[in-house]
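Engineer: For the protein sequence lines, the chains are A and B, in the order given. Each residue of the first sequence is one higher than the one before, counting from 1 in this note's numbering. Each residue of the second sequence is one higher than the one before, counting from 314 in this note's numbering. C-beta: ideal position from N, C-alpha, C; glycine also. All values derive from a computational prediction rather than experimental measurement.
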Amino acid sequence: MAPPTSRRSGHSRRAQYSIFTGYVVASIGALIGAALLAISFFQPSAFSGLRGAAANTVEPAAEVTTTGRNGISGLYDNISGYLRAGSQNAALNEELAIARIKLAEAEAVEQENQRLKALLGVKDTEVEPVVVSRLVGSTSASTRRFAYLGAGSNQGVEPGMPVRGPHGVVGRILEVSGNSARVMLLTDSESVLPVRSASDDVIAFAEGRGDGLLSIRLINLGINPLEPGDVFVTSGSGGYYRPGVAVAIVEEVTSDGAIARLVADPAASDVVSVEPIWQPEGLDGAQTPVEEELTDGQSVPASVATSGPEIGQ
Amino acid sequence: MTERLNRVSNSSEYGRKINRESSPWRQYSVPYISVIAGSILPVFVLVGTMPIMPPLGFMILLAWRIMRPGLLPIWVGLPLGAVDDLFSGQPFGSAILLWSLAMLAIEQLEQRFPWSNFWQDWVTAAMVLAVYLLLAMFASGAVPGYFHLTVLVPQIALSILLYPIIAIVVSWLDRFRLIRTREVF
Chain A
1 MAPPTSRRSG
11 HSRRAQYSIF
21 TGYVVASIGA
31 LIGAALLAIS
41 FFQPSAFSGL
51 RGAAANTVEP
61 AAEVTTTGRN
71 GISGLYDNIS
81 GYLRAGSQNA
91 ALNEELAIAR
101 IKLAEAEAVE
111 QENQRLKALL
121 GVKDTEVEPV
131 VVSRLVGSTS
141 ASTRRFAYLG
151 AGSNQGVEPG
161 MPVRGPHGVV
171 GRILEVSGNS
181 ARVMLLTDSE
191 SVLPVRSASD
201 DVIAFAEGRG
211 DGLLSIRLIN
221 LGINPLEPGD
231 VFVTSGSGGY
241 YRPGVAVAIV
251 EEVTSDGAIA
261 RLVADPAASD
271 VVSVEPIWQP
281 EGLDGAQTPV
291 EEELTDGQSV
301 PASVATSGPE
311 IGQ
Chain B
314 MTERLNRVSN
324 SSEYGRKINR
334 ESSPWRQYSV
344 PYISVIAGSI
354 LPVFVLVGTM
364 PIMPPLGFMI
374 LLAWRIMRPG
384 LLPIWVGLPL
394 GAVDDLFSGQ
404 PFGSAILLWS
414 LAMLAIEQLE
424 QRFPWSNFWQ
434 DWVTAAMVLA
444 VYLLLAMFAS
454 GAVPGYFHLT
464 VLVPQIALSI
474 LLYPIIAIVV
484 SWLDRFRLIR
494 TREVF
C-alpha cells in the first residue's frame, strides 16, 4: 500500500510548512522528553505527585481486577490440586512451605534473643501493622520492578515503610498518594536489603538482580560459608525492616556470595501488610552519606547500615 | 480492501450516500483512547519477577502509525508518551523521548520505502520494538546489567510475535472509528 497522496506536499507552501512544523514540534517533543528524563534521574521524586494522581485514578479498577485475579488463581490451584492428589494437596503444600519458613524464622528469633540478652534494657515490642492491603498492580512492562498497593497516605502509609506478605518481605514503600502507594519490590535492581543467615551469623546484602533472583553479597569476604537451602532473614541494620523476617533461600553458591530465590513472590502474596519503620530515629543520622548511590528512593537508603562496615558499591 | 477504498471515495465523492457519516469525535478520539488504554493495561498484571508484558501502549501507537499514516500527528509522542510515563514505572520523560524519536524514525523509514505490505510492516514494527525496549532499559534508571539483557530477550520476542494481533485489533478499532452513525439530512 502506498502512503496517502495527501501527505505529499508538492508545491503547496502551506503543506510544506505544516509538514516542516510537524518535524520541528516532534523534535522539540524529543528534547522536552530528554530534559524531563534528566530531571527524573537527578530528582527522582520530582513527578511523584503526577504519578500518584494517575495511580489513584486507576486504583479502583485495579482493585476489581485483583479480586478477579485471586479468584482465577484460586480456581487454578484447586484444579491442579485435584488433578494431582486431591484438592487439599495444594493447600497442604502451601501450609508446609509456610511452616518451613516459620521454622527458619524461629531459629533466627532464638539467635536474636541470645544476642539481645547481652544488651540489657532493650525492649522488644510486638509490631502492629499500619495497614493490611493488597498489591493491586505492577509495572509489568518496564525493566523496573514496582508494585502498586491498594492503600495510601489516607490509611497512614508513609515512604520507607516495609511491606511483607504472609511468607516474608516483599519490598518497601517508595511513593505515597491518597489511596495508593508505589512499592519497590526486592527484585528491583536498585533494591538493597541488609540480611543475615538464619542459622548462623553471616551478614550480607541482598540485592535485586533484575531477573527475579536476588544476589547475596557477603560483607566479610573469605571462605564462603553458604550452602544451597540456607535461609536469609532481615538483619535489622539500616533501621527499616525489623530483624528476623524471611527474605530469600540460597539456590546457587557463587565465589563472593550466592544467588537466592525470593521467599515471598509478590505475585503470589495477594494480601500484604505494611509495617511501621522499625527504628525511625536510627535513620536520621544514617541518611546523608550514601544518598548518591540511590537512583530512585527519595530519602530511603536501604543499604545504609548504621553499625555495619562500609563496603564499596 | 476495495470496500474500504470505496467507503473513503464514497464519502468524498458522493457525500452521504446512505444518509450517514462517521462521527468526527469518534473518528479522532479512538486512536488516542486506545493508546492510553494500552498504556494503563499492563498495570493490572501483577508480575514481581521480570518484565514480561509487551509495551502495549507503544505497540498500539505503532500499529496506528504504520496502518494509518498521517492520522496521528508526528509530534504525538509528547502527549501520549507523558501519559504512558505516569503508569509504566519508567522515569518521567522516558516515553516522551523514545516515542517522539520512534515517530521521527518511522517517518524516515516510510520516506525511504513508501510502498509497504504486511511483512514489511511487521519487520518495521519488530525493529522499532526491539530498539525501543533496549533504549527503555537504559532509560529506566537501573544500572544496566547482564541480567537485564537476558530478561529483555523474551519480552522483545513476545512483543514482536504479538504485533500482528495488535494490528488486527487496531484494524477493528479503525473500522469502529469509521462506522457511519451520524445522520445527515
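Distance, Cα to Cα, B/Trp388 vs B/Gly394?
Structural biologist: C-alpha separation (whole angstroms): 10 Å.
Engineer: Is there a C-beta anywhere in chain A that falls below 7 Å from the one on B/Pro477?
Structural biologist: Taking Cβ atoms only, chain A never reaches closer than 7 Å to B/Pro477, which makes this a no.
Engineer: Return the residue from the list B/Phe489, B/Ala452, B/Ser413 that minimises the CA-CA distance to A/Val25.
Structural biologist: Considering only alpha carbons, the answer is B/Ser413.
Engineer: Measuring straight from C-alpha to C-alpha, what distance separates A/Val122 and A/Glu112?
Structural biologist: Annotation note: pLDDT 47 at A/Val122 (below 50); position unreliable, coordinate value reported separately. A/Val122 and A/Glu112: Cα-Cα distance of roughly 12 Å.
Engineer: Between B/Gly361 and chain A, is the shortest Cβ-Cβ distance under 7 Å, so that the two count as touching?
Structural biologist: Judged by the 7 Å Cβ criterion, B/Gly361 is in contact with chain A.
Engineer: With respect to the beta strand (DSSP E) encompassing A/Ser138, which residues constitute its N-terminal and C-terminal limits?
Structural biologist: Counting along the chain, the beta strand (DSSP E) containing A/Ser138 begins and ends at 131-138.
Engineer: Rounded to the nearest angstrom, what separates B/Asp397 and A/Val132 at their Cα positions?
Structural biologist: Cα-Cα distance, rounded: 29 Å.
Engineer: Can you name the residues of chain A whose CB is closer than 7 Å to the CB of B/Ala455?
Structural biologist: Within chain A, the residues near B/Ala455 are Thr143, Arg144, Ser189, Glu190, Gly210.
Engineer: What's the C-alpha gap between A/Glu63 and A/Gln114?
Structural biologist: About 43 Å.
Engineer: Under three-state DSSP, which class holds A/Leu185?
Structural biologist: It is a strand residue.
Engineer: Going straight from the alpha carbon of A/Val274 to that of A/Val169, what length do you get?
Structural biologist: In a straight line, the C-alpha of A/Val274 is about 10 Å away from that of A/Val169.
Engineer: Starting from the beta carbon of A/Ala106, find every residue of chain B whose beta carbon is closer than 8 Å, and list them in chain order.
Structural biologist: Those do not exist, as A/Ala106 stays about 26 Å from chain B at its closest Cβ, beyond 8 Å.
Engineer: Hey, A/Val247 and A/Ala206: beta-carbon distance below 7 Å or not?
Structural biologist: It is a contact, given that the beta carbons lie within the stated cut-off.
Engineer: Which residues in the same chain as A/Ala108 place their Cβ atom closer than 7 Å to its Cβ, once the five residues preceding and following it in sequence are excluded?
Structural biologist: Taken in chain order, the residues that qualify are Ala198, Val233, Gly244.
Engineer: What did DSSP end up calling A/Glu175 once you bin it into helix, strand or coil?
Structural biologist: Three-state DSSP puts A/Glu175 in a strand.
Engineer: Assuming A/Val250 and A/Pro225 are in contact, meaning their beta carbons sit under 8 Å apart, how far apart are those beta carbons, in whole angstroms?
Structural biologist: Incorrect: roughly 11 Å between the Cβ atoms, too far for contact.
Engineer: The beta strand (DSSP E) spanning A/Ala258 covers which residue range?
Structural biologist: Per DSSP, A/Ala258 belongs to the beta strand (DSSP E) from 257-262.
Engineer: If you draw a straight line from the C-alpha of A/Ala61 to the C-alpha of A/Thr67, how long is it?
Structural biologist: Those two C-alpha atoms are separated by around 10 Å.
Engineer: Which one of A/Asp256, A/Gly236, A/Gly238, A/Ser237 has the shortest CA to CA distance from A/Gly222?
Structural biologist: Of the candidates A/Asp256, A/Gly236, A/Gly238, A/Ser237, the one whose C-alpha sits nearest the C-alpha of A/Gly222 is A/Asp256.
Engineer: Which residues in the same chain have their Cβ closer than 7 Å to the Cβ of A/Asn154, if we skip the five residues on either side of it in sequence?
Structural biologist: Around A/Asn154: Gly178, Asn179.
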